[in-house]
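Trainee: My structure is below; once you've seen it, I'll send some questions.
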Amino acid sequence: MMKLFRYLKPYRLPIGIILALVFVQSLSELYLPTLMSDIVNFGISKGDVPYIWQIGGIMLAVAIGGTICAIISSYMSAKVAMGYGKLMRGKVFNHVQHFSLQEFDQIGTSSLITRTTNDITQVQQVLVMILRMMISAPMMCIGGIIMAVNKDAKLTLVLAVVIPILALAIFAVASKGIPLFKAMQKKLDHLNLVLREGLIGIRVIRSFNRTTHEKQRFNDANTDLTQTAVKVNRIMASLMPIMMLAFNFSTIAIIWFGSERINAGSMQVGDLMAFIQYATQIMFSLVMVSIIFVMIPRASASATRINEVLDMEPVIRDQVNGKQTTSQHGYVEFDRVTFSYPGAENPALSNISFSARPGETTAIIGGTGSGKSTMLNLIPRFYDIDSGRILVDGIDVREMSHDYLRSKIGLVPQKAVLFSGTIADNIRYGKQDATDEEIRHAADVAQATAFINEMPDGFESMIAQGGTNVSGGQKQRLSIARALVRKPEIYIFDDSFSALDFKTDAKLRAALKGETVNSTVILVAQRVSTVMDADRIIVMEEGKIADVGTHKELLEKSDVYREIVSSQLSEEEIA
Ligand code: ADP
Ligand code: MG
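For my numbering, count along the sequence shown from 1 and bump the result up by 12.
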């Protein structure tokens, strides 16, 4: 957790002020009982009214001063803690933005969300506690003991008996509670996972009639968490009665022995009253320390989880000052590329070589799992390859900055992803400063205008979270429009026409042609009709290139291609 607190640096000044204020407040609290005992001893007992007024006035001033310090320090520590939480969430989020897909696979989305929200809140809460207690608890404890000894050393023996008993009780309670607190954090993680899966998979769950099963699963996780929380709180709640018992018994003992000493004339009434207050302060500070010690393990479990994220170095490093090109635009070359997913036994791609240039369409066809998407995902450098080179405009993608490389690319992923917002917002995602005209044109080419106009607010219609209120084919067309508006040098379509009917598919490809004359197009498709008129067709089989050529050439020389073709087209269509 210490490691996380180094991010508190920007708050050095306010933290210094808070600690100073708490220091002053604690001093005032330590001073008040002494003032009170003075009033009783020298004022009331002697009937000296002006003296009572004088010391009473000082007491009032000290109390008000202490309260003002307490208010300001509470306010400031709340601000510091909230600011710190904001800073940490930003840090984690920014760090995660640099993750390659591999790191996402590793930690898991659910856990990343919990870590950015709940875990940071835990650390934030303990920070408030520490800021408030770090100075005041030891001061009240040690200062209280000194003041108590000062008032009456013999009576301090009562504390010597009570404090160890109280400390022992606190220790017993804390050692039972701490492991449960840690367990709670894991159970919360699990609850989040179940909830997230249940919400995201709602369609599948309903269609397979697994609602009861999911309910049960959620119930189990929920009950599990609740039971642990109840147990922890029961244990922690027992601290209060124990404390009160110790308080009250020690008060009885102090009054008992104190009255004897007063009787004997070796102690004054005011001192006895002050002594009781110091005893209370000492015991109270012990309880505070114990609460911090219970909260710290819980927060440090959270801190470890946050650190895990922050310490995770993305495998792929961005070249901030990467090379740039001016001479070439839209050239893509794979040079003997071999790639395996982390942990996979066999390479997903082996020895892939081909090149594509502006004005050309390169089509990739092949069975599912043959590595088509993998190949496309390597061009924007979502993963790094094992051997070989991928050149974009003559430069290795590893030597370019991500921003520069990706600004050249318009990617339409296999699984169309839309963001909540209007349709226009979603298309504008491809180019921030796109004009309405450009957006309308992109939608036109993507054959999306017709259905957009049918929607209640046209381009201003809202897309629901995850794009659930448009069909699969509509989603595909919107994500194609998003790539088009960018006017990139390289278009990458990963099976982006699969959810379109044949007619729309043909219309879209005809419109695309005019749009992409000066760009490089690399597309993956399942349908032969989609790839037929490409300049180059790459036939993939089990991560290797089986054959390359035009439709005509491949019909003659490639068995794999002929197989694909004959499974889709009739004899006349082939000829
Ligand atoms: P295609 O797009 O041709 O259907 P992919 O390129 O998606 O095939 O997948 C090729 C192979 O790589 C498959 O065997 C698949 O199991 C594997 N694969 C795909 N994505 C991942 C991933 N994120 N982690 C590990 N293996 C993967
Ligand atoms: Mg694919």
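We treat Cβ as the ideally placed atom computed from N, Cα and C, and that holds for glycine. Treat the numbers as computed from the prediction; the structure is a model and nothing was measured.
1. Quick one: grab the DSSP three-state call for Glu-41.
2. Below 8 Å on the Cβ atoms is my contact criterion, and I expect Val-301 with Ala-149 to pass it. Report the Cβ-Cβ distance as a whole number of Å.
3. Just to check, is the beta-carbon of Met-362 closer than 7 Å to a non-hydrogen atom of ligand 1?
4. Please report the Cβ distance between Ser-262 and Val-174, rounded to the nearest whole angstrom; I am assuming they are in contact, meaning their Cβ atoms lie under 8 Å.
5. Considering only residues of the same chain and omitting the five flanking positions on each side of Ser-473, which have a CB-CB separation below 8 Å?
6. Can you name the residues that DSSP bridges to Asp-408?
7. On the CB-based measure, 16 or more other CB atoms within 10 Å of its CB, does Gln-37 come out buried or exposed?
8. Looking at C-beta atoms only, is the number of pairs between the stretch 363–383 and the stretch 552–567 that lie closer than 8 Å three or more?
9. Let me make sure I understand the geometry here. Which of Phe-505, Asp-506, Ala-511, Lys-499 has the alpha-carbon closest to that of Lys-487?
10. Should Ser-507 go down as buried or exposed, given a rule of 16 or more other Cβ atoms within 10 Å for buried?
11. With distances taken Cα to Cα, identify the nearest neighbour of Pro-500 among Lys-443, Leu-33, Gly-470.
12. Is it the case that the stretch 287–300 contacts the stretch 156–175, given that we only count it when at least three CB pairs across the two stretches are under 8 Å?
13. Taking only the alpha-carbon atoms, compute the straight-line gap between Ser-40 and Ser-122 and give it to the nearest angstrom.
14. Let me know if Met-252 comes out buried or exposed under the rule of 16 or more other beta-carbons within 10 Å of its beta-carbon.
15. Nearest to Ala-75 by alpha carbon, out of Met-48, Leu-200, Met-100?
16. Kindly give me the distance between the Cβ atoms of Val-429 and Ser-491, rounded to whole angstroms, as I take these residues to be in contact under 8 Å.
17. Skipping 5 residues on each side, what residues in its chain have a beta carbon closer than 6 Å to that of Ile-51?
18. What does DSSP give as the partner residues of Val-349 in its beta bridges?
19. Do Glu-411 and Gln-477 have their beta-carbon atoms positioned less than 8 Å apart in this structure?
20. Among the candidates Gly-371, Ile-504, Asp-396, whose CA atom is the shortest distance from the CA of Gln-426?
21. Let's test the definition: count the other Cβ atoms within 10 Å of the Cβ of Pro-359 and tell me whether it reaches 16, buried, or not, exposed.
22. Are Gly-400 and Met-552 closer than 8 Å when you measure CB to CB?
23. Take the Cβ of Thr-128 as the centre, count every other Cβ of all protein chains shown within 10 Å, and call the residue buried at 16 or more, exposed below.
Mentor: Walking through what the data contain:
1. Under the three-state reduction of DSSP output, Glu-41 falls in the helix class.
2. Val-301 to Ala-149, Cβ: 5 Å. Contact.
3. The question names Met, but residue 362 in the sequence shown is Ser. No, the beta carbon of Ser-362 sits no closer than 7 Å to any heavy atom of ligand 1.
4. Indeed, because the Cβ distance is near 4 Å, the residues count as touching under 8 Å.
5. Cβ within range, chain order: Thr-434, Ile-435, Ile-464, Met-467.
6. Answer by DSSP bridge pairing, in chain order: Leu-403.
7. Classification for Gln-37: buried.
8. Flag = yes, the stretch 363–383 and the stretch 552–567 touch.
9. Restricting attention to Phe-505, Asp-506, Ala-511, Lys-499, the CA atom closest to the CA of Lys-487 is found in Ala-511.
10. Reading off the sequence shown, one finds Asp at residue 507, where the question assumed Ser. Within 10 angstroms of the beta-carbon of Asp-507 lie 16 or more other beta-carbons, which makes it buried.
11. Checking every option, the nearest Cα to that of Pro-500 belongs to Lys-443.
12. They touch, by the three-pair rule.
13. Answer to the nearest angstrom: the Cα atoms are 48 Å apart.
14. Classification of Met-252: exposed, given that the 10 Å Cβ count is below 16.
15. Closest option to Ala-75, Cα to Cα, is Met-48.
16. With 8 Å as the limit, Val-429 and Ser-491 qualify as a contact, their Cβ atoms being about 7 Å apart.
17. Counting only Cβ-Cβ distances below 6 Å, and skipping sequence neighbours, we find Ile-64, Ile-67.
18. Under DSSP, the beta-bridge partners assigned to Val-349 are Ile-364.
19. No, the pair does not count as a contact, with Cβ atoms beyond the cut-off.
20. For Gln-426, the closest of Gly-371, Ile-504, Asp-396 by C-alpha to C-alpha distance is Ile-504.
21. It counts as buried.
22. One thing to note: Gly-400 has its Cβ no nearer than 8 Å to the Cβ of Met-552.
23. By the 10 Å Cβ count, Thr-128 comes out buried.
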